[in-house]
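2 protein chains.
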Amino acid sequence: MSRGGLFLVVMAGGSGTRFWPKSTSKKPKQLLSFGTTGTPTLLQQTLSRFDGLVPAENRMIVTTGSLSPAVAGQAPGVRILAEPQGRNTAPCVYWAAREVQMLDPDGIMLVMPSDHYIPDIEKFQATVRAAAGWAAQNGDLVALGVKPSRPETGYGYLRTIAASGPVGARKVETFVEKPDLARAEEYVKSGRYLWNGGMFIWRASVILEAFDRFMPELGKAWSAAGGDAQKAYPSMTATSIDYGVMEKAANAVTFELDCGWDDLGSWIALENMADVLGARREGGVVTGGELLAIQSGGNIVDAPGRLVAILGLSNLVVVEHGGAILVTRKDKAQDIKLVVDKIRQARPELV
Amino acid sequence: MSRGGLFLVVMAGGSGTRFWPKSTSKKPKQLLSFGTTGTPTLLQQTLSRFDGLVPAENRMIVTTGSLSPAVAGQAPGVRILAEPQGRNTAPCVYWAAREVQMLDPDGIMLVMPSDHYIPDIEKFQATVRAAAGWAAQNGDLVALGVKPSRPETGYGYLRTIAASGPVGARKVETFVEKPDLARAEEYVKSGRYLWNGGMFIWRASVILEAFDRFMPELGKAWSAAGGDAQKAYPSMTATSIDYGVMEKAANAVTFELDCGWDDLGSWIALENMADVLGARREGGVVTGGELLAIQSGGNIVDAPGRLVAILGLSNLVVVEHGGAILVTRKDKAQDIKLVVDKIRQARPELV
């Protein structure tokens, strides 16, 4: 086997409930399909996005033990690293890097979230190829940076040294937290900022060196457990790879990604994706069931097998799944957590 | 058999869709139950309201042929007059009067809608007894008049000669159509007006005389068909007993009814009835399923077996039944017809 191959590491441990009641802890966003019947789930789309780029035997999915049967069902034959518990992305990347290095000491890791949406696969693959080549040759840590299409306040940003344009690798000056709207508008206008899409590309050996430098406790926990992730995990720091490593590393660069990426962060995101999902209907965006909107518009509806009639109300989110119905306003979609927290106490089986 | 007995005539032909999607043409309001599990349907409540007053063999239900199996299922053993088609209340009363007169030439008919709600049965029976006694002795046409509890614009009114009080029979001066709010407030203030509850009490022979006088075409159609309702119906005038007879009769009187009556005319009516239905919950009125209301209040919810979460929206009507979900505002509940009309074309099986 030739050295320096590409390895796909899909992070699929998320248990977000921002799409409740469609998403639940047993069936989080990455295991769901958004769009017309037969649309693959976000996890399945994540995998097939690398067809022709990463061979099946070089793919692995990191997820929590409780989700791994469902994940395996959607990704038959793909190696699964089942975490004993979710500990954010740093330990997950550490474990995967160890696995890749065992398989190929010069292996290049493509670390990808499992719940994002990317319509233009060709452009995506071209950028990934270029970034992987750069990471292999230069030993940099690449964070893919999404070209911002709007002053989004829900994402983190990468500030780069280049003023604009997809000019290969651009040095990341700093990782920026979610900004307020004024700042986000400034960012987009400046051309120096890209969205941090949480997608990373690097040589396994390079990220492991970075871990040793910035989070040495991970390597110590790993060694103490004799390289057994199940034993090591409980004493590994639960922090993000962004915060634990990337923000501190001097060799962080970015490649600009311009492929219609969206992280589907809440029901509202479906509006941005409506056309590519084929979900635009009279009266709103419908990703499940039918909508009849009278004296009403701008609604988001997901209620498979149901007819939803909305009369005299606009900009609603109406969702029906598994015995639960959610009715809220689009501008409240970020607060679904309030609902989920209440239900978790009263009716845990519904979240 | 002694003559001059009481006969209950329940009118159960309505196919209203004001409670869609809970009510449908196959299961209209009178066949539905509102309230906690095990609550009898409105039709069943209508019948049991006469227990101790009208013996089983003196009860009959007039309904349309298509509904009669469902009606029979809810009222086993009760005689059913199955109309070949709905033709408003005048032909229905005519047929029932003919039936009663055959059974008892001096029989007193208690003509009652099947889809109203009456919590205080004792008071109701007392008023019915008094009115029936009056009708038997004086040969008047009695319309029960409900003491108004609010300036309701959804009901017709009876203007009486008496200024106020339940002083036995009060002459009805005129039948008044649904008023606007200013007029309704005036009516309630005056004390001379009662709601027209559509409940009538009279001797069968007296109403038949009135028919002969004010709607002679009914008797002619009846005779021409040899007393066969199925044959007579198509040529009987489809009009209401109010308009066809009562408004014209000189012997129309009323007895004041003060028993918490409500006609459950729309989802909003459930708010008036919430306490007697035991349906008041945190966040609104719930006649089916569970409600979780956050930053929300004043909702009306009917979704059996479902948890309905409402976030950041108030005064909604949210209903789920048989594969359809309705989301509207309370102040639009009168317009559900707009929804039903649309669905009748596109998805007739849902209405």
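So the protein sequences, as listed, match chains A and B.
With the numbering used here applied, the first sequence covers 2 to 352.
With the numbering used here applied, the second sequence covers 2 to 352.
For glycine and all other residues, C-beta sits at the position ideal for the given N, C-alpha and C.
Model, not experiment: these values are computed from the prediction.
Where A/Y156 sits in the DSSP three-state scheme: coil
Unbroken stretches of the alpha helix (DSSP H), 4 residues or longer, contained in the region 32 to 92 of chain A: 43 to 49 and 69 to 75
Status (buried if at least 16 other CB within 10 Å, exposed otherwise) for B/M103: exposed
Assigned exposure category for A/T38 - 16 Cβ within 10 Å defines buried: exposed
Separation of A/P22 from B/G298, as counted between CA atoms: 21 Å
Where A/R345 sits in the DSSP three-state scheme: helix
Closer than 8 Å to chain B by CB, A/L271: no
C-alpha gap between A/D259 and A/A131, whole angstroms: 13 Å
7 Å CB neighbourhood of B/L314 in its chain, flanking five on each side removed: S297
Sheet register partners of A/P114 (DSSP bridge): A/M12
Top-ranked residue by Cα proximity to A/I242, from A/K333, A/V143, A/L265 and A/D229: A/V143
Separation of A/G155 from A/P180, as counted between CA atoms: 8 Å
6 Å Cβ shell around A/D263 - same chain, five flanking residues per side excluded: Y118, A270, N273 and M274
Stretch-stretch touch, CB-based, cutoff 8 Å, three pairs: the region 125 to 139 of chain A with the region 68 to 81 of chain A: no
Per DSSP, cross-strand counterpart(s) of B/D303: B/G289 and B/V320
Cβ neighbours of A/D213 in the same chain (closer than 8 Å, five flanking residues each side left out): G220
DSSP bridge partner residues for A/N197 (one or two, in chain order): A/G146
Range of the contiguous alpha helix (DSSP H) that encloses A/A185: L182 to S191
For B/E257, the three-state DSSP class (helix, strand or coil): strand
Check whether A/P305 and A/G289 have beta carbons under 8 Å apart: yes
Environment of A/D303 [buried if 16+ CB atoms lie within 10 Å]: buried
Whether B/P114 touches B/G14 by CB criterion (8 Å): no
Three-state class that DSSP yields for A/W96 in the structure shown: helix
Meets three-Cβ-pair contact criterion under 8 Å: the region 85 to 97 of chain A and the region 183 to 191 of chain A: no
Cβ-Cβ distance between B/R348 and A/L308 below 8 Å: yes
Nonlocal neighbours in the same chain, by C-beta distance under 7 Å from A/L182, ignoring five residues either side: P152 and T154
A/T240 - DSSP class collapsed to helix/strand/coil: coil
First and last residue of the uninterrupted beta strand (DSSP E) at A/T175: R171 to V177
Contacting residues, own chain, Cβ-Cβ under 6 Å from A/L54 (five flanking each side not counted): Q126
Residue closest to A/T64, alpha-carbon to alpha-carbon, out of A/A253, A/T40 and A/P85: A/P85
Contact belief for B/R204 with B/D336 at Cβ below 8 Å, rounded distance in angstroms: Rounded, the Cβ-Cβ distance is 41 Å, inconsistent with contact.
Any chain B beta carbon closer than 8 Å to A/K333: yes
For B/R130, the first and last residue of its enclosing alpha helix (DSSP H): I122 to N139
Spatial neighbours of A/G157 in its chain, beta-carbon cut-off 8 Å, leaving aside the 5 residues before and after: F176, V177, E178, K179, W196, N197 and D243
Buried/exposed call for A/I162, threshold 16 Cβ in 10 Å: exposed
According to DSSP, residues forming a beta bridge with B/T161: B/V173
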